[in-house]
Amino acid sequence: MSAFSYENKTPIISVNSVSYDYRNSQGESIARGVRGIDLDVYQGEFVVLLGHNGSGKSTLAKLLNGFCVPDEGSVTVAGIDTKDDLKIYDIRSKIGMVFQNPDNQMVAAIIEDDMAFGPENLGVPRDEIEERITWALDVVNMSEHRKRSPSKLSGGQKQRIAIASVLAMMPDVLILDESTAMLDPKGRKEVMDTARMLNCQKGMTVILITHYMDEAIEADRVVVLDEGKILTSGTPKEVFSKVDLIKSAGLELPIASKISSELIALGYDIPFALTDEELAEGICKLKSKI
Amino acid sequence: MREVSIGQYYPAESFTHKLDARIKLLLTIAFIVMVFLVQSLYAYIAVAAFILIATLVSKIPILKVLKSVKAIIFIVIVMAIINLFTNREGTVLWSWWKVVITVEGIVTAVKLALRLIFLVMGTALLTYTTTPMALTDGMESLMYPLSLIKVPTHDIAIIMSIALRFIPILMEEVDKIMMAQKARGACFDRGGLLKRAKALLPVLIPLFVSAFRRADELALALDARCYNATPNRTKYKQPRLTWRDLVATIFTAVFIVLVIAINNNFWGLY
Amino acid sequence: MQIKVEDLKYTYSPKSPFEKVALEGITFTVNEGDTIGIIGSTGSGKSTLSQHFNALIRVSHGKLYVGDMELHAKKVDLGKLRQSVGMLFQYPEYQLFADTVLQDVCFGPLNFGMSKEEAESRAKEAIELVGLNFDEVKDKSPFELSGGQKRRVAIAGIIASMPQVLVLDEPTAGLDPRGKRDILELVTKLKKSYCKTVIMISHNMDEIAEYCNRVIVLNNGKLLYDTTPRELFKDVKALEGTGLTPPHTAKIASLLANNGIIFSDLPLTVDEFVKAIKGGIAL
């Protein structure tokens, strides 16, 4: 995978020293959301937000499309401030959001009707909705299910439909808010493959929120949240090599990283590995040296 | 594994299935009005013939249509009996103490029973041949005039659509929760009515909690997909009327005229 | 308590157009003290099988012995059975219902006929065993707790009835890494106290490899393998066609094997792997 180039790129999403607390009806803070977050996301980037439950990663996602408005600081999407009530739907049509439970985000009992919901809300003409549905189903490779009910599908397929429904709004950014958390390994792979394909082939900006480390390995950038703050960020290799920091954030390294970091600590001359393949290669090289 | 079918849509490839939902709704309403207007027994026979023809055209097994009556048969009988005993005028057929049965009483009771049965069979034909989705869309479309006086017809349609989608999901959830509580020793089929009702609490509370959680998430999902972004919402499915709708309308109209004619003895024309 | 499954078969909606064979010809034995993993892709029959163990699904064909109870018999003492076989469903926090944590945990024991005092003392023990502070949580509403805490309360609700066998249907699903680790450590702890036998359904092969001493592989309702994780994952190709992926350590080992580096004993955990390298096996 080629490294993402940040040259000549302008951020599509800009988060500037944002803080947010959950409040009750009296306006008193009842739970910490996020604190002093600075984050720029660039067009075409694949960003993974990692963090344990309650680390603030889902709050951050909600700040990105105006579900939450910052107490302090500002969030801009394609130059529009999320505080601008009049343009909130411009922002939401630019940022497609897929949630955790596929069943709780479908409104219609027939797949194409569900997919039409977003574009209908935006007032897209009928013929164009038709084209968009055809296109989006093709992208997620679910065309043959168009006239069927989602209830018979597997979890992974349902999430692909949820992605297609969001794609039909033609967003610039796709946010997957723990969209793989409830799926079995096969379903997770389906969703991850779809997200990667959208990123690589269609140039879609993808923000993936997860606590599965494996899913972060191929990201352009990993951002680790803890206690509502950004703990560290960088390429997967940069982030995962901070072994103790990752542990302190309540996360776990990929198995290959765990093994390689322990071997390195024991004095073995192998590179830090993220994937099983990298680790195997490192061990083989080590053997050939001896 | 449970299949829940609201209105028990019966999938088939038939003339009636292919009709526009709005037309079917309107024709059903016309049919209901007709059934209420009908008085003469001959007209009742004509209505029965109409239902028979409509059933045959829709390729729904006749037995299935008859079965739809089963659900209300108790009400039909009770209503008929009440009518039978309360009608005290006319030719007395049989009397004992304060109970009087008249010929007119029997006729009214039979008519009432038939009327109810026809109503149920007619509406059953509608729900057997129309998917819940199409029905919702049809209703929204027919409610359009109401939207002019600020009735949120579109919201109503979305609510109906979501309800239809979530009923099977929640039914499955009931199964799951019941199993989980059974594993914890709960018993749902023992004891008196009160005890059984109480035993359902451990199922109902988690069910409500879950329904609210789902509602919360769904609300976010609706917002994320720009619900209410513009008043100029478009409609992806715009059903077009076909020759079938015309044929069905003409056929029903002719039949209604015929039934009313029979009912009024052809206005004494012959 | 031993569980013996003999030629178990189960069909959903038999003699209807929706007929579907969910299990066929399943025979295996779970011995006391086993931690047995049941694995297979979604729809392979894992849940159907596990629901047989406490008669949530009745045996329709074949035989099933749980201790001295015969579940294929016409009459089964459901109370006794369900008290001995505790079953934790997927996302068990969604079955919590009572006003307080204590009441919820007491639900099982009371249903199984314990006195209020006994149930409460069992509940206290169970709540402490799952790592929650009894005095802190007992009067709280279960709905106020965090996700991981709710799941612990649900587990306490099962173990308060003191089952001898624990059936866990994806106990770590949806939890973050710390939550997962906590639950798995809890299971290990429970095995040392009273739930001697554990049957665990999981999609996570790393967990299965680390925690189970035996593993049953189901594929399309049939039993494909009944072996130890070390045997099963030795040959990563064996899992092909089942929709399962081997644990990471096994995958790394097979990559190394392609390059002539062979482990005499397949490492199943990070520690085992590092130890093998240290022991010079590979080098």
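Line by line, the protein sequences give chains V, L and A. Sequential numbering of the first sequence, starting at 0, is according to numbering that gives the first Met the number 0. Sequential numbering of the second sequence, starting at 0, is according to numbering that gives the first Met the number 0. Sequential numbering of the third sequence, starting at 0, is according to numbering that gives the first Met the number 0. Quick reminder that beta carbons are idealized off the backbone N, C-alpha and C, glycines included. Keep in mind it's a predicted model, so treat the numbers as computed, not measured.
For residue i, the nearest candidate out of the options (CA to CA)
i         : options                                    : result
V/Leu-121 : V/Val-139, V/Ser-92, V/Ser-142             : V/Ser-92
V/Glu-44  : V/Leu-166, V/Gly-65, V/Ile-206, V/Tyr-267  : V/Ile-206
A/Thr-268 : A/Val-65, A/Met-204, A/Val-152, A/Glu-116  : A/Met-204
V/Pro-184 : A/Leu-189, A/His-202, A/Gly-259, A/Lys-236 : A/His-202
V/Asn-64  : V/Ile-110, V/Thr-81, V/Ala-135             : V/Thr-81
V/Thr-234 : V/Gly-202, V/Leu-273, V/Lys-284            : V/Leu-273
A/Thr-20  : A/Phe-27, A/Met-113, A/Tyr-11              : One detail in the question is off: residue 20 of chain A reads as Val in this sequence, not Thr. Here the closest residue by C-alpha is A/Tyr-11.
V/Gly-69  : V/Ser-18, V/Gly-117, V/Thr-58, V/Lys-236   : Sequence check: residue 69 of chain V is Pro here, not Gly. Nearest of V/Ser-18, V/Gly-117, V/Thr-58, V/Lys-236 to V/Pro-69, Cα basis: V/Ser-18.
L/Gly-121 : L/Ile-59, L/Ile-148, L/Lys-175             : L/Ile-59
V/Pro-10  : V/Asp-37, V/Arg-31, V/Ser-28               : V/Asp-37
A/Ile-260 : V/Met-212, V/Asp-243, V/Lys-246, V/Ile-282 : V/Ile-282
L/Met-132 : L/Val-98, L/Pro-151, L/Ile-161, L/Ile-204  : L/Ile-161
A/Thr-248 : A/Phe-111, A/Phe-262, A/Ala-237            : A/Phe-262
A/Gly-85  : L/Leu-240, L/Thr-248, L/Arg-183            : L/Arg-183
L/Val-37  : L/Val-109, L/Thr-152, L/Phe-165            : L/Val-109
A/Pro-108 : A/Asp-175, A/Ser-83, A/Leu-174, A/Phe-88   : A/Ser-83
A/Asn-53  : A/Asp-76, A/Cys-194, A/Gly-42              : A/Asp-76
V/Asn-100 : V/Asp-176, V/Arg-145, V/Met-203            : V/Asp-176
L/Thr-85  : L/Val-102, L/Phe-73, L/Lys-69              : L/Val-102
A/Gly-112 : L/His-16, L/Ile-31, L/Leu-257, L/Ala-185   : L/Ala-185
Cβ distance (whole Å) where residue i is taken to contact residue j below 8 Å
i         : j         : result
L/Ala-156 : L/Thr-130 : Contact flag wrong, Cβ pair sits at about 14 Å.
V/Val-223 : V/Gly-35  : About 15 Å; that fails the 8 Å criterion.
A/Ile-56  : A/Thr-47  : 6 Å
A/Met-290 : A/Val-65  : Chain A is shown only over 0 to 282; residue 290 of chain A falls outside these bounds and no answer can be derived.
A/Ser-140 : A/Thr-171 : That belief does not hold up - the Cβ atoms of A/Ser-140 and A/Thr-171 are roughly 24 Å apart, past 8 Å.
A/Asp-6   : A/Gly-61  : 4 Å
A/Leu-101 : A/Asp-138 : 7 Å
Neighbour-count burial assignment, residue i, 16 or more Cβ in a 10 Å radius
i         : result
A/Ala-155 : buried
L/Tyr-127 : buried
L/Val-253 : exposed
A/Asp-103 : buried
L/Arg-1   : In this prediction, L/Arg-1 scores a pLDDT of 39, lower than 50, which makes its location untrustworthy; the coordinate-derived value is nonetheless stated afterwards. With fewer than 16 Cβ atoms within 10 Å of its Cβ, L/Arg-1 is classed as exposed.
V/Asp-225 : buried
L/Val-246 : exposed
V/Met-0   : Here V/Met-0 scores only 49 on pLDDT, less than 50, and its place in the model should not be relied on; the value that follows carries that caveat. So V/Met-0 counts as exposed.
V/Arg-131 : buried
A/Glu-169 : buried
V/Tyr-355 : Given that chain V is displayed from residue 0 to residue 289, the structure contains no residue 355 of chain V and the question cannot be resolved.
V/Leu-291 : Beyond the ends of chain V as shown, which are 0 and 289, falls residue 291 of chain V; an answer cannot be given.
A/Ile-2   : buried
A/Gln-50  : buried
A/Ile-37  : buried
V/Ser-28  : exposed
Residue i CB to nearest heavy atom of the ligand SAM below 7 Å
i       : result
L/Tyr-9 : Absent from the structure shown: the ligand SAM. Ligands present: none.
Cβ pair count under 8 Å reaching 3, the region 113 to 130 of chain V against the region 151 to 159 of chain V: Contact between the region 113 to 130 of chain V and the region 151 to 159 of chain V is absent, because fewer than three Cβ pairs lie under 8 Å.
The region 139 to 149 of chain A contacting the region 49 to 69 of chain V, beta-carbon criterion three pairs below 8 Å: Yes, the region 139 to 149 of chain A touches the region 49 to 69 of chain V.
Contact set between the region 253 to 266 of chain A and chain V, restricted to residues whose Cβ is under 7 Å from the partner: In summary, the residues of the region 253 to 266 of chain A whose CB is separated from some CB of chain V by less than 7 Å are Leu-254, Leu-255, Asn-258, Ile-260, in the order they occur in the chain.
Residues of the region 96 to 111 of chain L whose Cβ lies closer than 9 Å to any Cβ of chain V, in chain order: none
Touch test, the region 222 to 241 of chain L against the region 108 to 122 of chain V, Cβ-Cβ under 8 Å, three pairs minimum: yes
Proximal residues, the region 226 to 244 of chain L versus chain V, C-beta separation under 8 Å: Tyr-226, Asn-227, Ala-228, Thr-229, Asn-231, Arg-232, Thr-233, Lys-234, Tyr-235, Lys-236, Gln-237
The region 112 to 133 of chain L: positions lying closer than 9 Å to chain V by Cβ: Thr-130, Pro-131, Met-132
The region 180 to 189 of chain A / the region 203 to 222 of chain A touching (three or more Cβ pairs under 8 Å): yes
Contact between the region 84 to 100 of chain A and the region 169 to 183 of chain L (3+ Cβ pairs under 8 Å): The region 84 to 100 of chain A is in contact with the region 169 to 183 of chain L.
Selection of the region 139 to 153 of chain A by Cβ proximity to chain V, strictly under 9 Å: Ser-145, Gly-146, Gly-147
Given 8 Å, three or more beta-carbon pairs between the region 95 to 112 of chain V and the region 217 to 229 of chain L: The region 95 to 112 of chain V makes contact with the region 217 to 229 of chain L: 3 or more CB pairs, one atom from each, lie closer than 8 Å.
Inter-stretch contact at 8 Å, needing at least 3 Cβ pairs: the region 6 to 14 of chain V / the region 62 to 78 of chain V: yes
The region 204 to 229 of chain A: positions lying closer than 9 Å to chain L by Cβ: Here the close residues number zero.
Contact the region 180 to 197 of chain V vs the region 183 to 198 of chain L: 3+ CB pairs below 8 Å: no
Contact the region 165 to 175 of chain V vs the region 132 to 143 of chain V: 3+ CB pairs below 8 Å: yes
Contact the region 136 to 144 of chain L vs the region 19 to 29 of chain L: 3+ CB pairs below 8 Å: yes
Within 8 Å of chain L by C-beta, residues of the region 109 to 130 of chain V in sequence order: Ile-109, Glu-111, Asp-112, Ala-115, Phe-116, Gly-117, Pro-118, Glu-119, Asn-120, Leu-121, Gly-122, Val-123, Pro-124, Arg-125, Ile-128, Glu-129
Near-chain L residues of the region 35 to 67 of chain V - C-beta to any C-beta below 7 Å: Asn-64, Phe-66
Members of the region 240 to 252 of chain A near chain V, C-beta cut-off 9 Å: Gly-242, Leu-243, Thr-244, Pro-246, His-247, Thr-248, Lys-250, Ile-251, Ala-252
Cβ contact check for the region 198 to 211 of chain L and the region 108 to 121 of chain A: 3 or more pairs under 8 Å: Contact between the region 198 to 211 of chain L and the region 108 to 121 of chain A is absent: fewer than three C-beta pairs spanning the two stretches fall below 8 Å.
Residues of the region 40 to 62 of chain A whose Cβ lies closer than 8 Å to any Cβ of chain L, in chain order: Gln-50, Asn-53, Leu-55
Any 3 or more C-beta pairs closer than 8 Å across the region 193 to 212 of chain V and the region 228 to 235 of chain A: no
Residues of the region 156 to 178 of chain A with Cβ closer than 8 Å to any Cβ of chain V, in chain order: Ala-172, Gly-173, Leu-174, Asp-175, Pro-176, Arg-177, Gly-178
contact_flag[the region 73 to 90 of chain L, the region 44 to 56 of chain L] where n(CB pairs < 8 Å) is 3 or more: no
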